[in-house]
Every structure is written in structure tokens, then in C-alpha cells.
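Chemist: The structure's right below; bear with me while I get my questions together.
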Amino acid sequence: MSTPGSVPTDRASRGAPYTPESAGAPPSEERPRRERKRLVRWQGLIPLALVLLLLGAFWLLFGDRVVRQTASEAATKALGTQVDIASLEVREGESSIELRGLAIADPFDLRRNVVAAERIRVELDPVPLLEKKLVIRRFSVGGVRLGTARDEPARRIDDNGFAATTLRGLREWAAKYRHPVLALTPIDTIRQIALDPSQLGTVRAATALAARADSVRTALETQWRGLALRETFDSSEALVTRLAGASPRTLGIDGTRRAIADVRRVVREIEEAKQRVEALHRDARAGVATLDRGVGSLDDARRADYAFARGLLKLPSLEGPEIGGALFGPVTLDRYQQVVYWAELAQKYMPPGLRPRPQQGPERLRAAGATVAFPKVRTYPDFHLQSGEIDFALAGGAARGSYTARLADLTTTPALVGRPLRFSARRDAAGSAIGALQVSAVIDHVGGRMRDSILATGSDLTIPGFALPGLPLRVEPGTGTSRLDFVKNGDRVAARFTVRSSSVRWLPDSARARELNALEALVTRVVSGLNDLEVTANVTGPIRAPAIAISSNLDRAVAARVREVAGEEIARAESRVRAEVDRIVAERTAPVRARVGELRAESERRVAEARARLEEERQKLQGRLDSLTGGLIPR
Amino acid sequence: MLTLLKLLQSLIKTLHSDGTPGQVAAGMALGAVLGLTPLMNVHNLVILSIILVLNVSFGGAMLGWALFLPMGFLLDPVFDDIGRRLLLETPALSSTWTAAFNTPVIPYTNFNNTIVLGSFVAWLALSLPIFFAARYAVSRYRATVGERVRRSRFYQAVTASKAYNVYTWFRAD
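So, in C-alpha cells, the structure goes:
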């Protein structure tokens, strides 16, 4: 690898001083012949072998630890919750991995684990490993526990990863979701309220509409001035006056020719002015139509104002869904968030189709970049768990019972596998908190449209108790049944959650004990007399902002009794509120409606006048033209 | 400390007598890939093997690595952009990538990462300019200030260490 200007290194190795050749030195006849360099340095294989040996030794000593840490970090990032692995052993000879002490923290309750397993064995297909793909032939789990308490709370995964973002999004949505409030205001406190007009949406909308009407009017005025109709009329009048009484005889041939040309020019100007007027008319109609729509929306705003003003009265809740939402909304929202979170993760990590998929690259000192997966038809997916089975029994504790779970075709590329993920689980533990539970799920991302469905039914369940919002009561539903139907079709969701119990107990909540007003005492008596509880929550709509409707026998009973006792008084109060809103709205919107009407009428009037005047001028000029030409030149 | 000293020795020796300017430049061009691309990747193991086995200057490679390492960090956004264009925004290459990344062993190169691919492609494009520029620079250095540096006390002190002997194993012939 010698090059011109270089010095053979054997000279240096013999200890001769380095002497660069001077640029101007004459070529020497005794210059040594250029020596051919060896291309390969075989002694370099020794350090290379050492490097490989070191890598091998590092793998033997620390390989398991590195894989454990990497797996733990990757799972934590993917699931958005802390995943701990106590130990991991890679068995290269068997192409299998054995994990011990797996614990996945509950993202919604950092002091608990969603699932913990003492032992997991994963047998891999070795051939796909060459393509950096994980195809799991067998997957076995032992010592599974659900919902266990953690020794230390899990750390918050506060990053911008998909899972953390999804979790944040759901929490933000839940925080913004406005539960109906169970209002049991004493009847005797319902009085006339003093409404501040600026609080009403209709008034704000009317003010904005008035400003818009002014700006439309200003714009139309500017356009009118831009039409320059006055100049056109003046020009036409001057020509008509000049040609009054003129004839070809008085004007001569040249004068007549010039007069005809002038008439034609001014007629052309009038036609152009007509076109401008028509264009302005179209603009004016569009502007007024927008204002009309604004006037129409005032009625919608008024309906919202009725609800707002009614809210200020703090009337007792009368409607069944409202009471149901108030009583069971928080519980339903909590469950819904959990289901949606896992469904969103399934959608993210099991996308349909075979398009290249960029994902954030690995964390390192250098930038992560994006790592792109290129799925290929009839090849292995990046990850595929062909089938997994879990059968185990727990003898003691709250989780005692026999468990069976089956999982098939869990993969990152469903389109390659061609079959949806199927999951089923069953628990039989008579006498425990969850006597019998069956869960089945189909996650179908094979085609273009993703459809996930989950059905969970539980019987002989000990339904957890909860505090009744608005009343110092605690509900202990006792043992009952529960069913969850969840279907996610694309970005829309339809879910139904039902809980039934026939051994409900109502206990005073000492932490919230207080003196009850007459209405609260009534409701407390009503609900305390109920032994059955049946709650149904329906969630439908876009997955991130669905509508939630909750109904129960409880709210029907409460609504009926409240209506019986206080219905008349409440109706009177509501009527007063509506009248007050109507008064304020009429006062504030009437000028705006009038202004819009005036604008419409004025623009129509001005357009009509302009049209008539232009036509009149055109007729006059045409008359002059006819008299000059004797009607021989066609119009 | 010993490692640093050895590295310093190798760098200084490289500039003075360790191989021809061509060998040093070839080492620097190969070493540049270690600095420009993320280190922990299979292709860098191959490059290291080439540096050790081919008759190029090992010191030159270390010098190239040291010089181009900060550039690698600085140019990551550019590499990311190049990688994205090649992997995601060039439909003509899509079938090539699909075939390549479904071929055994190839996925372990991590060339499906935008930074790895972008930096490697940038190195491929820059390797010849690096080689020629380095060869010219080493020749000029040796022809101008090299001899004065060689006579300096600093140079004598650095090259006196016996630890340097280990390094001579990889010295270009």
C-alpha cells in the first residue's frame, strides 16, 4: 500500500532516521526499487481471535444478565409499565429461555402487579433466529398469580413512548369526562337564580355574530365602492347628452363613426358593470347565508344554556341515566380505561398489512433513529407465539382454584400468520372471590380492518364494594354475576358491562358521616330497601372519546321516589329558569337578528337599484345608437 | 491510563513512521466507520477484522476512529434523514430491503435502522475522499513539521514506553 511520496517502513524499523525527500532533488539512479507490500497481515488473526474469545467469555459471564436487562427494559417500554425479571437463563443448546420471577406492574395501580409468574419457559424455533425473528414453539408458565401486591411501588414510565402516551391520553380523557353529579339538594333551597348574561353561550354567540355581521357589512361597502358605478353612469349620461338631437347629417361620416364607437364602448362598460354587480350579489348572498346559519346556531346555544342554568339551581337528579352515571360512572370509567389500554397496545404491536413499519430505534449514546421492519409474504414474522397453554392450580390464599388458559397465534405480523389471535382462560375456584370466570378474546388484525372482541363472564363473584357518591353510604353488592362484551372495530368501540347481585348490603360510610337533608334521607331509605342490584354500562363511539350510558335498578327507584316527592317543585323551578334564559337571550339576540335582516334587505335593494339603473342607461344608449344608424346595425 | 498512553503512542507513531501514508490513510478511512456509525453493530466487527488482518495502519484506524467519533454524534440527524430516505421514502428500494432483511444473518447488521444505514452509506461515500485527503495530509506532515516533532522531548518521552511494544504487533509492514 505504498504511494508516491511515502517512505518504506522497513527503513524505520531498521532504526534509520526518517528523511523526507526534498521536492527539488534530482531523481537518483540508485533509488531502491519499490517494494511490493503484503496485502494480508496474518499475525492480525491473533488479536482478532482474542477479541472473539473475549466476546465469547463476556457472553458466558454476562450474557444472561444482558439479555435479562434488555428484555426487562424492552417489555417495560412496550407495555408502559414496569416489568421485572428476577433471573433469566439462555439455554443455547436447547434454543430455549427460562425466566424466573416475572412481574408486570399494573399501570393503573403501581402498588400491584397485573400478573406475576414464578417460572416461564420459552422454546424457540432456531431457524427463524437466523433472521432475528422469534418464533416460539412452546410457551409454559408456572406459579401464576394475579393482582398481587408489590413490595415496592412500580416506577412511573414517564417517557414519550406509545404505551405511556396512550396511558396519559386515557387519564386525561377520564379527568375531563364530566360525570353527572348526584344532587340531592333540599327542596326548600330551590329559589330563583340571578343569571349573569355573560355566562350564557347564546349571548356570547350573539355578540360574536354581531361582530361578524359588521365585518360582512364593511366588506360589502368596500366592494360597492370598488364597483365604480357612479363613473359608469356619468360617462353614459354625458354621452347621451352629447348625442341628444345629433344625426348622421349633423355629425358627418367621421363624427357618426366616432359616435357609434363611443356608444359601443360605454355599452360595453355598462355590461361589465352589470357582471361586477352580479358577482357582488353572489358574495353578499353567501355572506348573509353564513350569518343566517349563525342565527340558527343561537337556538342550539340556547338549549345548552337551559342545561347550564338548570345546573346553577342544583336541582335534585331526576333522570335515571343521570343518577346511574353519578352512582356508577367512576367505576365504569376505571374499568373502561383498562380495557382500552390493552386493546390499544394490541393494535399498536399487531398492526394489519405488510407495509414497512418504522419504530423507534434502540436506546444508545448515539441517536436512536427509527428501525424499520420489512415483513415479507410466506416468511416468518418478527415474533410469533404459535400456541401457549397454562394449566395450574393454587391451593391456598385468595387466588386459590384451578386455572386454564390457551393462547394461539400471538404475533407482530398477523397478515403473515393469516389467523387471528385467540385467547381463552377459565378459572374455577368455588368459594373464592372469583368463583368462576371465563374469558375469550379474538384479536383479528389479519385483514385491513382491525376487529377485537372480548367476552368475559363471571359467576359466583364477590363484587367489590364501593362508596356511593353523594351519600354517606357504602354498597357491598356481595356475590353475583358479571359480564363484559367488548368489540372494537377500527377506531370505534361498543362495550357493555353488566353486574348483577341479589344480596346487596348498604352500610353507613363512617368516614363520610354527616347529617342528611330530607331528600337525602329519603333516597337513603329508598336504596337501603333494595336487595337486588343490576347495573348496565354501555360504552359506544370513538375509542378515545366514547359516550357512556349507565343504567341500574337503583337509579330507576331513586328517580321515581324523587319525582314523587319533589317533582312539582322542581318542574316549577325549571320553568322559571327557562323563562329567565329566554328573556335574556331574546333581549341580546333581537338586535343581532335585526341587523342581519337589515343587511340582507339592504344588499338586495342596492343590487336591484344598480341593475335597474344600468339597464336604463343601456336602453338610452341603445336608442341613440339606433337613431344614428337607422337600426341598420344589429345590436 | 496505560491504554490511553498506548493510544497516544500509536497516534504519534502513526504520523511519523508507522507505514506509508497510503497505509495510514487506508487505516483512517476504515477507522472512520467505527466513529461515524454506532459502534455496537456487526459491521463494525467485520471492519475491525479487516483492520487487523489487512496490511493497513492500525494506529491510522484508531486515529480515524478518534477523529470521526464526534462527527458521528454531530451528524446523526443527517444520517437519520439519509436512512429514512433510503428505507422508507424510496419505493424502488423497498423490495430490496424486504428481501435483504428476510435473509438469514443480514438483520443482525441493523441496517434496517435509519442511523446505522445512513451513517454507513455516508461513510461509503466519504471513504475515498477520506483516504486521499489523509494520504495527502500525512505526506505533507512528514515533509514539513514531522522531523521537528520527532526530535522533540515530548515525542521521545511518549515513544520510550515499553508498552508500545505490544502495539508493534499490529504495525503496518
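Protein chains in written order, with our numbering: chain A, 471 to 1105; chain B, 4 to 176. For each residue, glycine too, the CB sits at the ideal point set by N, CA and C.
Comparing the C-beta of B:W126 with each C-beta of chain A, is any distance below 7 Å?
Modeler: B:W126 does not count as touching chain A.
Chemist: A:D684 lies in the beta strand (DSSP E); which residues open and close that run?
Modeler: First-last for A:D684: 671-697, but that is the alpha helix (DSSP H), not the beta strand (DSSP E).
Chemist: Using 8 Å as the threshold, is the stretch 873-885 of chain A in touch with the stretch 848-856 of chain A, meaning 3 or more CB pairs across them?
Modeler: Yes, they touch.
Chemist: According to DSSP, simplified to helix, strand and coil, what is A:R625?
Modeler: If DSSP states are grouped into helix, strand and coil, A:R625 belongs with coil.
Chemist: Nearest chain B C-beta to A:V536 closer than 7 Å, yes or no?
Modeler: Not one chain B Cβ lies under 7 Å of A:V536.
Chemist: Could you pull out every unbroken alpha helix (DSSP H) segment of at least 4 residues lying fully inside the stretch 861-936 of chain A, listed in chain order?
Modeler: 884-887, all fully within the stretch 861-936 of chain A.
Chemist: Going by the beta-carbon positions, is the gap between A:T951 and A:R970 smaller than 7 Å?
Modeler: Yes, the Cβ-Cβ distance between A:T951 and A:R970 is below 7 Å.
Chemist: Can you list the residues of chain A that B:S155 reaches, using a CB-CB cut of under 7 Å?
Modeler: Simply none; closest approach about 14 Å.
Chemist: So, for A:T551: in the same chain, excluding its five sequence neighbours on each side, which residues have a beta-carbon less than 6 Å away from its beta-carbon?
Modeler: Closer than 6 Å at Cβ, skipping near neighbours: A575, P577.
Chemist: Determine the chain A residues that contact B:G34 at a beta-carbon separation under 9 Å, and present them in chain order.
Modeler: Ordered by position in chain A, no residue passes the 9 Å Cβ test against B:G34, which lies about 14 Å from the chain.
Chemist: Would you say B:T99 lies against chain A (beta-carbon separation less than 7 Å)?
Modeler: By this cut-off, B:T99 is not an interface position.
Chemist: For chain A, check one thing: does any of its Cβ atoms lie closer than 7 Å to the Cβ of B:F104?
Modeler: Judged by the 7 Å Cβ criterion, B:F104 is in contact with chain A.
Chemist: Could you work out which residue in A:L569, A:A906, A:V536, A:R921 is closest to A:S929 when comparing CA atoms only?
Modeler: Closest by alpha carbon: A:A906.
Chemist: Considering only their Cβ atoms, is the gap separating B:S60 from B:Q26 smaller than 7 Å?
Modeler: Yes. Within cutoff.
Chemist: Answer yes or no: does any C-beta atom of chain B fall closer than 7 Å to that of A:R827?
Modeler: Not one chain B Cβ lies under 7 Å of A:R827.
Chemist: In the structure shown, what three-state DSSP assignment does A:G940 receive?
Modeler: In the structure shown, A:G940 sits in coil (DSSP, three-state: anything other than H, G, I, E or B).
Chemist: What residue from A:R1075, A:R1083, A:A1017, A:R1070 has the CA that sits closest to A:A759's CA?
Modeler: Among A:R1075, A:R1083, A:A1017, A:R1070, the Cα nearest to that of A:A759 belongs to A:R1070.
Chemist: What is the rounded straight-line gap between the Cα of A:N1023 and the Cα of A:E1004?
Modeler: Each residue's alpha carbon lies about 6 Å from the other.
Chemist: Could you tell me which whole alpha helix (DSSP H) segments of length 4 or greater appear in the stretch 568-600 of chain A?
Modeler: The stretch 568-600 of chain A contains these whole alpha helix (DSSP H) runs: 596-599.
Chemist: Using the DSSP secondary-structure output, state which residues sit across from A:W976 in a beta bridge.
Modeler: DSSP, once it has assigned bridges, lists A:V945 as partnering A:W976.
Chemist: Just verifying my parser: in three-state terms, what is the DSSP assignment at A:T635?
Modeler: Helix, per DSSP.
Chemist: Please tell me whether B:I15 has its Cβ less than 7 Å away from any Cβ of chain A.
Modeler: So, not an interface residue.
Chemist: Using the C-alpha atoms, what's the distance from A:D724 back to A:S705?
Modeler: Answer to the nearest angstrom: the Cα atoms are 21 Å apart.
Chemist: Cβ atoms of A:V747 and A:L1091: under 7 Å apart, would you say?
Modeler: Contact flag unset, no.
Chemist: Exposed or buried, A:E601, counting other C-beta atoms within 10 Å across all chains shown (16 or more means buried)?
Modeler: Answer is buried; the Cβ neighbour count reaches 16.
Chemist: Anyone know if the C-beta pair for B:A35 and B:F134 falls short of 7 Å?
Modeler: The answer is no: Cβ separation not under 7 Å.
Chemist: Would you mind sorting B:T23 into buried or exposed? The rule is 16 or more other CB atoms within 10 Å of its CB.
Modeler: Looking at its Cβ environment, which holds 16 or more other Cβ atoms inside 10 Å, B:T23 is buried.
Chemist: Given a cut-off of 7 Å on the beta-carbon distance, is the pair A:L1084 and A:A743 in contact?
Modeler: Closer than 7 Å, so yes.
Chemist: Along the beta strand (DSSP E) that carries A:S1022, what are the first and last residues, could you check?
Modeler: Segment 1017-1022, the beta strand (DSSP E) holding A:S1022.
Chemist: Just checking: is the beta-carbon of A:P496 within a distance shorter than 7 Å of some beta-carbon in chain B?
Modeler: Since pLDDT at A:P496 reaches only 47, below the 50 mark, its modelled position is unreliable, and no value is offered.
Chemist: At what residues does the alpha helix (DSSP H) containing B:R138 begin and finish?
Modeler: Where B:R138 is concerned, the enclosing alpha helix (DSSP H) stretches over 117-146.
Chemist: Does the beta carbon of B:G83 sit closer than 7 Å to a beta carbon anywhere in chain A?
Modeler: The amino acid occupying residue 83 of chain B in the given sequence is Asp; Gly does not appear at that position. So yes, B:D83 belongs to the interface.
Chemist: Would you tell me roughly how many angstroms separate the C-alpha atoms of A:S1097 and A:T711, rounded to the nearest one?
Modeler: Their backbone Cα atoms lie some 14 Å apart in a straight line.
Chemist: So B:S52 contacts chain A; which residues on that side make the cut at Cβ distance below 7 Å?
Modeler: Correct list: L518.
Chemist: Excluding sequence positions up to five away, which residues of its chain have a Cβ less than 7 Å from the Cβ of A:R1014?
Modeler: Here the set comprises G639, W643.
Chemist: From A:L761 to A:A1064, what does the alpha carbon distance come to, in whole angstroms?
Modeler: Roughly 11 Å between the two C-alpha positions.
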